[in-house]
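Let me begin by presenting the structure, written as structure tokens, before commenting on it.
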């Protein structure tokens, strides 16, 4: 399907109302990036609503994405799908998607491993501002931007137990993803307009849960084919980072829109950003993904080889250089190495008080449920890897090995 075209759900046996002509009183949500990981959980939550605190379901949800939504989402007669890329200069499909809508949820985002500044800004900043303009012109009541805890982190200075007041956006970020998210959040919150479109931002910490692709699949490949699970980096902080289940993120986004449309709570939410985390406190990347890797067929060692994290940092630098040359996503990023070893933890008091946010899981319980689901789905089999991803892995590893051999040879000749 060509970019910027429309595909409306037609599976309803009784026939759904046409796009842009929702019935009186029908709440209509536009979800930018609604076919992605977090987006599809949000779409399901919008269709289901919440019991506590009560949020009634939306009568219609319009997904805007370059990806196709899953069958269970696309099969709902209340869902309409528009295929198109935001920030790409085309907007006819957006004009139709926003017509008569009530709320907009901007969940679209580049991969956190992107090295291209232009791609990150196009999706995370320009696309968000383009949708904000349509929301204002179309008379929407609420606009919720999915930000990130990365916006307040330079991953050089430890942050422990910070909130929205004590944390500040740094003057310089260590990666283009974080910088673009911070720029977009500031621009969007500044456009909050009393009496018209009200806006807020949700800052999830590390998102996990069934269907997560960005980190889990890569860690599985690195473990299965490169033995990364045999390595333990030191010094190791077991409580360096907060996590949040994707279902809790969907709840927070829905609650944000509900608060923006509530005259009593609106002043507490409009123009502000909110951190959201699980209950149970911070933990490490290893403790989060080890149970799921094991469920997927990786045999975890009882003891691991200890490697100083700065050596892995150098390896990540090589990964970034190779990925930049190949126009690909790096196997590891320096930002990720810093993130795994420099504390950055946050409080959620503001989200609980202003939004009524309540996490669905402790991190330990959420990880256990995810691992059990993976184990049940695989039924003793080892998770299969996409051949295309294997080729990408091999290409980058071969390039990194070549660089290492050349550098070693040059060093030996100089010595």
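Numbering (the numbering used here), first residue to last: 37 to 451.
Cβ atoms here follow ideal geometry from the backbone N, Cα and C, with glycine treated the same way.
Quick caveat, the model's predicted, so the values are computed rather than measured.
query, result
"Residue 381 versus residue 374 - alpha carbon distance", "14 Å"
"Sub-7 Å separation of residue 320 and residue 395 beta-carbons", "no"
"Alpha-carbon to alpha-carbon, residue 411 and residue 355", "31 Å"
"Sheet register partners of residue 101 (DSSP bridge)", "119"
"Backbone secondary structure at residue 315 - three-state DSSP", "strand"
"DSSP state of residue 398 mapped onto helix, strand, coil", "strand"
"For residue 267 and residue 343, believed in contact at Cβ under 8 Å, the rounded distance", "5 Å"
"Selected residue, minimal CA-CA separation from residue 228, among 190, 346, 176", "176"
"At least three beta-carbon pairs within less than 8 Å, the stretch 71 to 78 to the stretch 105 to 119", "yes"
"Inter-residue spacing [alpha-carbon to alpha-carbon] between residue 443 and residue 362", "19 Å"
"Residues near residue 368 by beta carbon distance below 7 Å, same chain, minus five either side", "351, 352, 355"
"Alpha carbon of residue 404 to alpha carbon of residue 331, nearest angstrom", "10 Å"
"Segment contact, 8 Å Cβ cut-off, at least three pairs: the stretch 190 to 203 with the stretch 143 to 161", "no"
"Beta-carbon proximity of residue 279 to residue 314, cut-off 7 Å", "yes"
"From 87, 137, 126, residue whose alpha carbon lies closest to that of residue 63", "137"
"Residue(s) in a DSSP beta bridge with residue 151", "Looking at the DSSP assignment, residue 151 forms no beta bridge with any residue, so it has no partner."
"Three-state secondary structure assigned by DSSP to residue 91", "strand"
"At least three beta-carbon pairs within less than 8 Å, the stretch 332 to 342 to the stretch 298 to 308", "no"
"Residue 163 in three-state terms, based on DSSP", "helix"
"Nearest-angstrom Cα separation, counted from residue 431 out to residue 48", "A caution first: residue 48 carries a pLDDT of 33, below 50, which makes its placement in the model unreliable, though a value can still be read off. Cα to Cα, the separation comes out at about 46 Å."
"Residue 176 (DSSP reduced to helix, strand or coil)", "coil"
"Check whether residue 238 and residue 159 have beta carbons under 7 Å apart", "no"
"Boundaries (first-last residue) of the alpha helix (DSSP H) holding residue 382", "Segment 380 to 382 is the beta strand (DSSP E) holding residue 382; no alpha helix (DSSP H) there."
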